[in-house]
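In the numbering used here, the protein residues as written are 103 to 478. No residue lacks a Cβ here, since even glycine has one placed at the ideal position from N, Cα and C. All values derive from a computational prediction rather than experimental measurement. Take a look at the structure below.
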Ligand SMILES: [Mn+2]
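This is how it looks when you write it as structure tokens:
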């Protein structure tokens, strides 16, 4: 029997996710890359000779999953027959009639939970048990761990499940911290919350979300990844847990103060400086929130999105105020000055929504008064 086993924990891959916020071409690239990342993870699993892979749900998006994806999963799992893949279906890939899990023939090294109650797979040769459950529909209101304890049988105990630890009222399987600690498994691999995960431990119990693997929007910034775990299969069942970044591309969201900018190239220079400083590349999807008082004549900052500046995607979130050096406008006796004076109370003292609306109104109004095109 192995003294130490190697475990991979991952989830929330959302293969075939539509990426609807990107254009048609880029969303297709991202869908392909997502599948390629899955293949890279499989290479990694082979390279480290993992014994068990915990996939804690939302491996794919049921509504969008293609036959190609099903074939890819089955082919990749079958290519690593010495590794056990344990899958706990989540709210996006529930074990439901007609789903890939229920209708496709998976190889013998793949174990898929298929009921909402707690059950387990026992790997005697590894002295390890994996407890888990399945979403059988897009929601689940009871915690499978509530009031339960592991069998104290001298084995390494793992949990693989999709759940929401944020609220006991969640309809996405509300598992509480108390449930997890009382249950007493050595490592609990969860998924559902996508942000970069935090490993928690208490009283010999460790748990973590897997986090996302490939970011899918600006809600998922930073580099996605998986966990690599080494666990003793007897004695103190000590764990060593490491994060491995594996994503192809990453979303980032930055803020830049562009106070005093008078032209688009002033702003572009600041964006370029940030890209250099942070070493962002074509692996980066970047959103920049621009803020500060800029010249009233500076409008249509989102036009800067058309040059991606060496990135995969650049998105401009314009929160500037067109009030820089407003003295001249304040004294201007034409319609331009009148418009400025009219909007000034909102520009300076309104709510954030009022300031944004007043800024847009001033920029458009000034452009219109100068006979410039305001439709693009
Ligand atoms: Mn989920």
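Check                                                                                                                        : Outcome
Within 5 Å of ligand 1: residues by beta-carbon to any heavy atom                                                            : 160, 192, 193, 294
Backbone CA spacing between residue 209 and residue 215 [nearest angstrom]                                                   : 14 Å
Entirely enclosed beta strand (DSSP E) segments - the stretch 312–350, minimum 3 residues                                    : 327–334, 341–347
Short Cβ contact (9 Å threshold) for residue 400 with residue 373                                                            : no
Residue 354, enclosing beta strand (DSSP E) - first and last residue                                                         : 352–359
Limits of the beta strand (DSSP E) - the one that residue 450 falls within                                                   : First-last for residue 450: 437–451, but that is the alpha helix (DSSP H), not the beta strand (DSSP E).
Alpha carbon of residue 246 to alpha carbon of residue 164, nearest angstrom                                                 : 23 Å
Reference residue 287, options 193, 299, 276, 255, closest by Cα                                                             : 255
Same chain, Cβ closer than 7 Å to residue 121, neighbours up to 5 away in sequence not counted                               : 129, 132, 133, 318
Own chain partners of residue 118 with C-beta closer than 7 Å, once the 5 adjacent residues on each side are dropped         : 133, 162, 163, 166, 167, 168, 171
Beta carbon of residue 408 nearer than 9 Å to that of residue 461                                                            : no
Of the residues 199, 115, 147, the one placed nearest residue 264, counting alpha carbons only                               : 115
Beta-carbon proximity check, residue 113 vs residue 291, cutoff 9 Å                                                          : yes
Contact under 9 Å by Cβ, residue 192 with residue 158                                                                        : yes
Contact check, residue 233 vs residue 187, beta carbons under 9 Å                                                            : no
DSSP-derived helix/strand/coil call for residue 396                                                                          : coil
Residue 310, buried or exposed, once every other Cβ within 10 Å from all chains shown has been counted against 16            : buried
Collapsed DSSP secondary structure at residue 197 in the structure displayed                                                 : coil
Whole-angstrom distance between residue 314 and residue 278, CA atom to CA atom                                              : 21 Å
Which residues DSSP lists as bridging residue 309, in chain order                                                            : 290, 302
Rounded C-alpha distance that separates residue 102 from residue 406                                                         : Lying outside 103 to 478, the shown extent of the chain, residue 102 is not represented and no answer is given.
Whole-angstrom distance between residue 389 and residue 452, CA atom to CA atom                                              : 25 Å
Entirely enclosed beta strand (DSSP E) segments - the stretch 149–223, minimum 3 residues                                    : 154–157, 186–189, 212–214
3 or more residues per run - each beta strand (DSSP E) lying fully within the stretch 374–434                                : 386–395, 415–423
Reference residue 262, options 356, 421, 109, 443, closest by Cα                                                             : 109
DSSP-derived helix/strand/coil call for residue 247                                                                          : coil
Distance between beta carbons of residue 274 and residue 322, contact taken as under 8 Å                                     : Not quite, the Cβ-Cβ distance comes to about 17 Å (not below 8 Å), so this is no contact.
Three CB pairs or more closer than 8 Å across the stretch 380–388 and the stretch 361–369                                    : no
Neighbourhood of residue 180 by C-beta distance below 7 Å, restricted to the same chain and skipping five residues each side : 209
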